[in-house]
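Take 180 as the starting number for the sequence shown in our numbering and just add one per residue.
Where a beta carbon is used, it is the ideal one built from N, C-alpha and C, also for glycine.
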Amino acid sequence: MASVHESLYFNPMMTNGVVHANVFGIKDWVTPYKISVLALLYEMTTSKVTLTTRRRLNELILPLQQGPDLTFGQFVTTVEECCPQTASAVMIRLHEMADGELRDMEQFFSTLPFTAFDTEAYKTSVVGLFMRHMLLAYNKLSFSQVYKLYKSLQQYYAKPSYETPPAPNFDELDMDLTSTEDTVGDRMDKDELDTPRHESEVRNDNAPSKGPLSQKQAEYFLARQAYLLKNDENKALKPAALQEELNNMLKFNPDFAEAHYLNYLNSMRVQDIFLSAHCLLHYFDRLILSGNEGKSNGDEGYGRSLRYAALNLASLHCRFGHYQQAGLALQEAIRIAQESNDHVCLQHCLSWLYTLEQMKGSDSTVLTEDSVKMAVHFCLKYLACLGIQSLVQQGATQGRTAHKLMDALKDTDILHWKHSLSELIEISLAQTTSIWRVYGKSTMSAQQAQLLLNMSSLEPVNFGVHQNNTEAFAVALCHLAELHAEQGLYGAVSEILQHLKAQFPPHTQHAKLWMLCELKIKFERYMNEGKYHLAEPLIVAMSALNKTQGLHRKALVLKALNRSTEAYAVLQRLQVHCDQTKCTELAIRVMLSTAALHWGSSGFSTALPLLLQALALARQHHLQSLASETILHLAFTQLMLGVPEQALNVLHEAIEPVLAHGSVMDKGRALLLMARCQMEVAGFKPNRQGQADLNMLALAVGTLDDATTYFSKLNCAERLREIYYLQAQLYHTLGQNSQCKKSAMLFRLLDQELQTPAPPVSMRL
180 MASVHESLYF NPMMTNGVVH ANVFGIKDWV TPYKISVLAL LYEMTTSKVT
230 LTTRRRLNEL ILPLQQGPDL TFGQFVTTVE ECCPQTASAV MIRLHEMADG
280 ELRDMEQFFS TLPFTAFDTE AYKTSVVGLF MRHMLLAYNK LSFSQVYKLY
330 KSLQQYYAKP SYETPPAPNF DELDMDLTST EDTVGDRMDK DELDTPRHES
380 EVRNDNAPSK GPLSQKQAEY FLARQAYLLK NDENKALKPA ALQEELNNML
430 KFNPDFAEAH YLNYLNSMRV QDIFLSAHCL LHYFDRLILS GNEGKSNGDE
480 GYGRSLRYAA LNLASLHCRF GHYQQAGLAL QEAIRIAQES NDHVCLQHCL
530 SWLYTLEQMK GSDSTVLTED SVKMAVHFCL KYLACLGIQS LVQQGATQGR
580 TAHKLMDALK DTDILHWKHS LSELIEISLA QTTSIWRVYG KSTMSAQQAQ
630 LLLNMSSLEP VNFGVHQNNT EAFAVALCHL AELHAEQGLY GAVSEILQHL
680 KAQFPPHTQH AKLWMLCELK IKFERYMNEG KYHLAEPLIV AMSALNKTQG
730 LHRKALVLKA LNRSTEAYAV LQRLQVHCDQ TKCTELAIRV MLSTAALHWG
780 SSGFSTALPL LLQALALARQ HHLQSLASET ILHLAFTQLM LGVPEQALNV
830 LHEAIEPVLA HGSVMDKGRA LLLMARCQME VAGFKPNRQG QADLNMLALA
880 VGTLDDATTY FSKLNCAERL REIYYLQAQL YHTLGQNSQC KKSAMLFRLL
930 DQELQTPAPP VSMRL
């Protein structure tokens, strides 16, 4: 089920994906790339282009100004895609400066246009301000610095395919437009500045030296990466590349607080607990030291940073399962928030408090209800809706009826759409998909998953992101993959998993969802086909992602390999775990597997109490799929105890939901069991004619034909061999010799292929 608290943490840096960066101490300067942008602006202002082309160039100019420096080849290619004529003019302008003399570059800066309000370059516009910044920075350069800039421009123009050279190696780099005092991180080492570029490349061809980003470039970079991490992690830089960029940024300004926070988010992607905590603490330390917060209490100031620092630290430990440390950090955040009378922070703390109790396996219903009431009182719509979704999730595990849960979600969905809470809408649909799946309604589950995947995102479209790639989408796609696998549609499953791998690469934080889903599907397929030697190696990989799921699959493989003692020990461990965590669904599956172990030693009467207990739990929690599976186990037990009439009556109760919502494997097993019950009720005995009810036997033959259709979809050779064996005997009794020979031939072919003994009476369901 989707986690409804995946994004429940206070992010003081980001609001709706926009970074509020305060890049103190980072100064602006002229680089060859920025001269290229100035040349583009000059041509846009002085030349005549069509209105459509001008609009395309206007859309392009802001990313060029605020984005990182591009190589000359990348810059020209980008401009050519919008306007080849303007790109040609820019290249001619740069050629005149690079192949000319120093005075050509000097003259270019002296002729930068500042016109009236009829063009883009008026003084207070974005373009005009950029020109003024560059002109002022250029005018502050000494002659030697201007010469170094000129040589850098020549190198930039001469090597269009190389990486962008760093900022010019000025001896005394001081271009601050507001202050002339040195600050931390403003000056680079003199030896590093005076090193020619070609020597740097000789030292390390793969890692050329990089200069610091300007304020606008840093803000743009952080805003873009933070937005992509939140909405479409696949389009963000990979963790290693992003870490390298942030390290370069912090190299020139170690007190850049927002860079530390993005470093924290990046470390969370790769589950690096040490670096995550380190960067989070550094962020709040730098935020306090920035001098923007002069009060010790109140809405702003040291107190606010400290309490939210403790709250973020608590959320970090929660995500890594460090419950004791999370509790201590949460207590600290609550204490500071109470001293400051910060009700909003206290409400966030309460939300994390009941989340922490849920993670521990405790009943946190009362805490959650109190949190919802307080959130409504303080008009915190997001937290209130999130709390209701958490209550619905708890209700699903506690056995509440489906209609009550859906009514609660319907009421909150009205608020979601009213206030455009896109993230909560996605969580609600993913949660509905999971609830229907738990309750055994596969059709409704698939419908809700399709509804989520076809929904247009309400988030503003930034950086080319049109739809959120959040945990909710991953959960819905995984449900669809498993639902298709249950119906034997492995071609569709392959396409869904391929899409998941493209949308959520292995380095993303939600990739473990499809990894576990893929392993489960492969495991079930191998088990259905009887390839236990291929299913067993998957247990190790599955245990790495989910220890409980791995243990359960290990017990299934051990049982299939007739290693009953080892399987029973594993099932007992799982039973203890289920009792502690109150995981009803897994507890029922453990009971069914334990009952199947008793069948192997002919302890059918011993299995009955376990099956009755499992049936009571399944009905109490409205788990229709598990209830139907338990009834199949009960019917098989009664058949083996010699009461086929009672088994057939019980089976009629479960056959309808199994055929409507069950998997192909469950449908085949149910029909095979029904055919065997019909044969026993008819009084069928092998090699005896005229003593059985022929009408009932003919009905059993038809039932076996239907079962053959389902098992053929899954390539269950052992099940098909058993069916052909029974059909051959039935056709022989009914006097249908041609059909009997055909079934006998199919049985022989499968028997030779499997090379395992085929018992006349199967001891498994």
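Annotated as distal: leucine 441 and asparagine 491, with beta-carbon spacing of 8 Å or more. Your pair glutamine 517 and leucine 525 checks out as a contact, with CB atoms roughly 7 Å apart and the cut at 8 Å. In this structure glutamine 629 is not in contact with glutamine 568, their Cβ atoms being roughly 20 Å apart against a cut-off of 8 Å. When only Cα atoms are considered, lysine 539 and aspartate 586 end up about 28 Å apart. Boundaries of the alpha helix (DSSP H) harbouring glycine 847: 843–860, taken from the DSSP string. One Cα belongs to arginine 927, the other to threonine 935, and the distance between them is close to 12 Å.
Of all C-beta pairs linking the stretch 326–336 to the stretch 224–234, fewer than three are shorter than 8 Å, placing the two stretches out of contact. Where arginine 579 is concerned, there is no enclosing alpha helix (DSSP H), because DSSP gives it neither an H nor an E.
When DSSP states are grouped into helix, strand and coil, tryptophan 615 belongs to the helix group. Assigned with DSSP and collapsed to three states, arginine 943 falls in coil, not helix or strand. Closest in C-alpha terms to serine 323, from the list Thr591, Leu281, Leu883 and Ser289, comes Leu281. In this structure, lysine 892 keeps its C-beta atom at 8 Å or more from the C-beta atom of valine 860. Distance from aspartate 411 to asparagine 648 at the Cβ level is roughly 5 Å; contact confirmed, criterion being Cβ atoms closer than 8 Å. Every alpha helix (DSSP H) of 4 residues or more that sits fully in the stretch 199–283 is shown, in chain order, as 211–225, 230–245, 251–261 and 263–278. Here serine 323 carries a helix assignment [DSSP, helix/strand/coil].
Using a Cβ-Cβ distance cut-off of 8 Å, the stretch 916–930 and the stretch 892–904 are in contact, since at least three pairs of beta carbons, one from each stretch, lie closer than that value. Taking C-alpha positions only, alanine 839 is separated from glycine 729 by approximately 29 Å. Taking 8 Å as the cut-off, the beta carbon of methionine 447 is found no closer than this to the beta carbon of alanine 438. Cβ contact annotation for valine 672 (same chain, cutoff 7 Å, sequence separation greater than five): Ala660, His663, Ala664 and Ile700, in chain order. It is roughly 7 Å from the alpha-carbon of leucine 827 to the alpha-carbon of glutamine 857. Taking alanine 723 as the centre and dropping the five residues before and after it, the same chain places the C-beta of Gly729 closer than 8 Å to its C-beta, in chain order.
The beta carbon of leucine 485 sits closer than 7 Å to the beta carbons of Ile515 from its chain, once the five residues preceding and following it are set aside; these are given in chain order. Residue nearest to isoleucine 614 within the set Asn432, His527 and Leu802 is Leu802 (criterion: CA-CA distance). At a Cβ-Cβ threshold of 8 Å, tyrosine 336 and leucine 273 count as neighbours.
By the C-beta criterion, the stretch 784–795 is judged not to be in contact with the stretch 749–761, since fewer than 3 inter-stretch pairs fall below 8 Å. Spanning the alpha carbons of leucine 608 and cysteine 762 requires a straight line of approximately 23 Å. In the three-state DSSP reduction, methionine 623 falls in the helix class (H, G or I). Fully contained in the stretch 397–472 are the following alpha helix (DSSP H) runs of length 4 or more, in chain order: 418–431, 436–448 and 452–468. With contacts defined by Cβ atoms closer than 8 Å, glutamine 754 and valine 769 form a contacting pair.
Glutamate 808 and valine 829 have their C-alpha atoms roughly 12 Å apart.
Under the three-state reduction of DSSP output, aspartate 521 falls in the coil class, being neither helix nor strand.
The C-beta separation of phenylalanine 453 from alanine 488 comes to about 17 Å, leaving the pair out of contact by the 8 Å criterion. Spanning the alpha carbons of lysine 417 and valine 449 requires a straight line of approximately 10 Å. With respect to the C-alpha of methionine 553, the residue from Ser543, Asp930 and Gly566 having the closest C-alpha is Gly566. Three or more Cβ pairs closer than 8 Å define a contact, and the stretch 250–265 falls short of that threshold against the stretch 309–323. A buried status is given to glutamine 817, since no fewer than 16 other beta-carbon atoms sit within 10 Å of its beta-carbon.
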